[in-house]
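Everything in the sequence shown is counted per the numbering used here, starting at 4 for the first residue and increasing by one. Glycine residues also receive a C-beta, built at the ideal position from the N, C-alpha and C atoms. Have a look at the structure below before the remarks.
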Amino acid sequence: MRPGRRLAVALGASVGLAAAAVVVAFAAGLRLDLSRWRGTVAQQASDALGRPVALEGALQLSLGRTLQLRTGGLRIGNPAGFGTASFVAVGSATLRADLFDVLRGRLRLRGIEASDVELHFERAQDGRANWHFPPAEAAALARPMIDLGPIKLQRLLLDYRDLRTATHHGLALDELTAVAGPHDALRLTLKGVDEERQAYRLRLEGGSLQAWQQAAEPWPLRGEFKSGNAWLQLQGAVDAPRGQARLQFGAGADDIARIARRLGAQVPEAGGAVYLSGSVEARAGALGFTDLQGRWGDATLSGALRWQSGADRQRLSGALQVSQLDLRPWLQAAAPASAGLPQDEPAWLRTPLRTLLPWDLALELSLGRAIGLPVALTDARLTLQADRAGLRAPLRATVAGAALSGQVDLDLSAAVPALALRLDSRDLVLQTLVQAWPALQGLQGQVGQARLRLGGQGDTLAAVLDRIEGSFDMAAVHGRFHPRDAARPFDFALDTLRLEAGPGAPLKSI
């Protein structure tokens, strides 16, 4: 055999052996260690995202019909000016891709699995959001259509911080699964267990990623949340070009007190199921709730609310109408014992007054009637105006059939918070005013004018109640009192009467 022919045979055999070795390697799922190229891969990812990217642990590629890339850890950093070091942190991850898609140059992932995932969403002091990439880079990333395939994340932490308002919220999830194909409807499911060991699930469904990228029309969105004692349903659309979303929602809970505790609020155990529905419009830094309709036991609620974020203060405005309100749980929780407040006074009485108004308020509240008071209170109107300096709340109502007006003031500008109450009424009918006191049955007459002044200072409501002082004035009082055990009634008339009391001082009359 000539030398040239022998060389050709040798080269052919070598290529055939190499091809056979590649086929065998892919068929056997050979795993390649790419750890030595971690730095190069991380640098390319950093250049593409415009953020520092770090790969930690082993970097391995498994060959086969489906390629699998495994990494021991992944971190995507934040730009300068943010409180957290990382935007994304992943303990371990596996990415799957079709071999022939890769050979054709198509970026189409067949699936993503990861564990110990942290997502830190943050707004800096200057209002920048770490989930927004530079426009040029974002445009470059948006051009190719990416198919992520099925996604499964385990032990997921979602964290949100706003350095401008010192807002911080966190949510830990056991599992997140999603399907996010370019032409398929988005399906997202979150599962977890809350602090009370109640399992919950959140499901979201939307349009395709292609429709989201094209933004030719509003993107449909539907969601459902369920837990052991609460549920939420919503449906609507997201208009990305306009930066807004419009949704219809319905929500319910078995016990409002449990929900309040989970949101960090302390309210008495009132019991009863709660339902609320309405429409919500979301824009950057603002939420508007309209057509609100709710029910709590026998009480109904309606109205509209608007929340707005600001540079350093948030603002809540709107109007709410409530048919009735049962005050008995609140009054029982706040009732003082004979020697002052009870030893087991509720935690909300010890809440610092300076923390009660983290937002500015401009609210109009209407109440049809109150339950649990010793006198009938109906048609109440309360206006809440609050800012950093405190609260001003003019009020008016009908008490025992007579018109009542007044104001509640909370002054937070002083060294020690001061709380004051002023109430004025005219033409009070005594027999309707004393119906709740059996010992005063048989009292008839009228009070031409009545005035109540209460005030106190303290860092908590309990401290204010412990040091409260005030006065009660009546004028043009006349009537008749006929006790049951008296042989005959006696008449009375007073031009003026003044009662004063202070902390630790006996009642004084003038």
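8 Å contact criterion, which residue i and residue j should meet: CB distance rounded
| i | j | result |
| --- | --- | --- |
| ARG164 | GLU125 | 5 Å |
| GLN449 | LEU431 | 7 Å |
| ALA61 | GLY75 | 5 Å |
| LEU99 | LEU70 | A quick correction: the sequence has Arg, not Leu, at residue 99. ARG99 to LEU70, Cβ: 7 Å. Contact. |
| ALA373 | LEU328 | 6 Å |
| GLN452 | ALA423 | Contact doesn't hold; Cβ gap of about 20 Å is too wide. |
| GLY229 | ARG204 | Sequence inspection shows Lys at residue 229; the Gly mentioned does not correspond to that position. Going by Cβ atoms, the distance from LYS229 to ARG204 rounds to 5 Å, so yes, they are a contact pair. |
| ARG34 | GLN63 | 6 Å |
| LEU366 | LEU387 | 4 Å |
| LEU502 | PHE475 | 4 Å |
| PRO82 | ASN133 | 7 Å |
| LEU156 | LEU174 | Actually they are not in contact, since the Cβ atoms of LEU156 and LEU174 sit about 13 Å apart, beyond 8 Å. |
| VAL93 | ASP119 | 7 Å |
| ALA406 | ARG429 | 7 Å |
| LEU446 | LEU433 | 5 Å |
Helix, strand or coil at residue i [DSSP, three-state]
| i | result |
| --- | --- |
| GLU503 | strand |
| ASP498 | strand |
| GLU426 | According to the sequence shown, residue 426 is Leu rather than Glu. Strand. |
| VAL450 | strand |
| VAL26 | Only weak support exists for where VAL26 lies, its pLDDT of 46 falling under 50; the coordinates are left without a value. |
| LEU385 | strand |
| SER416 | coil |
| MET477 | strand |
| VAL402 | strand |
| ASP469 | helix |
| PRO361 | coil |
| SER341 | Low local confidence applies: a pLDDT of 43 at SER341 is under 50, so the model's placement there is unreliable, with the coordinate-based value given in what follows. In the structure shown, SER341 sits in coil (DSSP, three-state: anything other than H, G, I, E or B). |
| ASP294 | strand |
| ASP301 | coil |
| VAL44 | helix |
| ALA83 | coil |
| ARG353 | helix |
| LEU52 | helix |
| GLN434 | helix |
| LEU10 | Here the model assigns LEU10 a pLDDT of 31, short of 50, so the residue's position is not dependable, and the following value carries that caveat. Residue state, collapsed to three classes: helix. |
| PRO486 | coil |
| ARG78 | strand |
| PRO492 | coil |
| LEU464 | helix |
| LEU33 | coil |
| ARG167 | coil |
| LEU156 | strand |
| ARG39 | helix |
| PRO244 | coil |
| LEU376 | coil |
| ALA442 | helix |
Residue i classed as buried or exposed, judged by whether at least 16 other C-beta atoms fall within 10 angstroms
| i | result |
| --- | --- |
| HIS171 | exposed |
| PHE85 | buried |
| THR499 | exposed |
| GLY306 | buried |
| PHE495 | exposed |
| ARG420 | The sequence as given places Pro at residue 420; Arg does not occur at that position. That one is buried. |
| ASP103 | The sequence given here places Phe at residue 103; Asp does not occur at that position. Exposed, by the Cβ-count rule. |
| GLY375 | exposed |
| HIS123 | buried |
| VAL467 | buried |
| ARG5 | Model confidence at ARG5 stands at a pLDDT of 46, short of 50, so the residue's coordinates are unreliable; what they give is reported in the following sentence. Exposed, because fewer than 16 other Cβ atoms sit within 10 Å of the Cβ of ARG5. |
| ARG54 | buried |
| ALA141 | For ALA141, the pLDDT reaches just 42, beneath the cut-off of 50, and the residue's location in the model is therefore unreliable, although a value from the coordinates is still provided. With fewer than 16 Cβ atoms within 10 Å of its Cβ, ALA141 is classed as exposed. |
| PHE3 | With the chain represented from 4 up to 513, any question about residue 3 goes unanswered, as that position is not in the structure. |
| SER416 | exposed |
| TRP299 | buried |
| THR463 | buried |
| ALA169 | exposed |
| ALA392 | exposed |
| VAL105 | exposed |
| GLY80 | buried |
| LEU334 | exposed |
| LEU380 | buried |
Test: residue i CB closer than 9 Å to a CB of chain D
| i | result |
| --- | --- |
| ALA96 | The displayed structure is made up of one protein chain only, and chain D is not part of it. |
query = Would the segment 408–424 and the segment 389–399 be scored as touching if the rule is three or more Cβ pairs under 8 Å?
reply = Taking 8 Å as the limit for Cβ pairs, the verdict is that the segment 389–399 does touch the segment 408–424.
message = Below 8 Å, how does it come out for the segment 272–291 and the segment 305–313: are there three or more Cβ pairs, yes or no?
response = A contact is defined here as three or more CB-CB pairs under 8 Å, and the segment 272–291 meets this definition with respect to the segment 305–313.
message = Quick check on the DSSP output: what are the complete alpha helix (DSSP H) runs of length 4 or more inside the segment 307–334, in order along the chain?
response = If we require 4 residues or more, the segment 307–334 turns out to have no alpha helix (DSSP H) run fully inside it.
key: beta strand (DSSP E) runs wholly inside the segment 173–235, at least 3 long, in chain order   = Taking only runs of at least 3 residues, the beta strand (DSSP E) segments lying wholly in the segment 173–235 are 189–196, 202–209, 222–229.
request  = Flag this pair as touching only if the segment 220–227 and the segment 194–208 have three or more C-beta atom pairs under 8 Å; answer yes or no.
outcome  = Remark: three or more beta-carbon pairs, one from each stretch, lie closer than 8 Å, so the segment 220–227 and the segment 194–208 are flagged as touching.
ask   = Do the segment 349–359 and the segment 315–324 meet, that is, are 3 or more Cβ pairs less than 8 Å apart?
value = These segments do not touch.
message = Quick check on the DSSP output: what are the complete alpha helix (DSSP H) runs of length 4 or more inside the segment 91–131, in order along the chain?
response = Those alpha helix (DSSP H) runs which fall completely within the segment 91–131 and span 4+ residues are 102–106.
query = Counting pairs of Cβ atoms below 8 Å between the segment 191–202 and the segment 215–222, do you hit three or more?
reply = No: the two stretches stay apart, fewer than three of their Cβ pairs being nearer than 8 Å.
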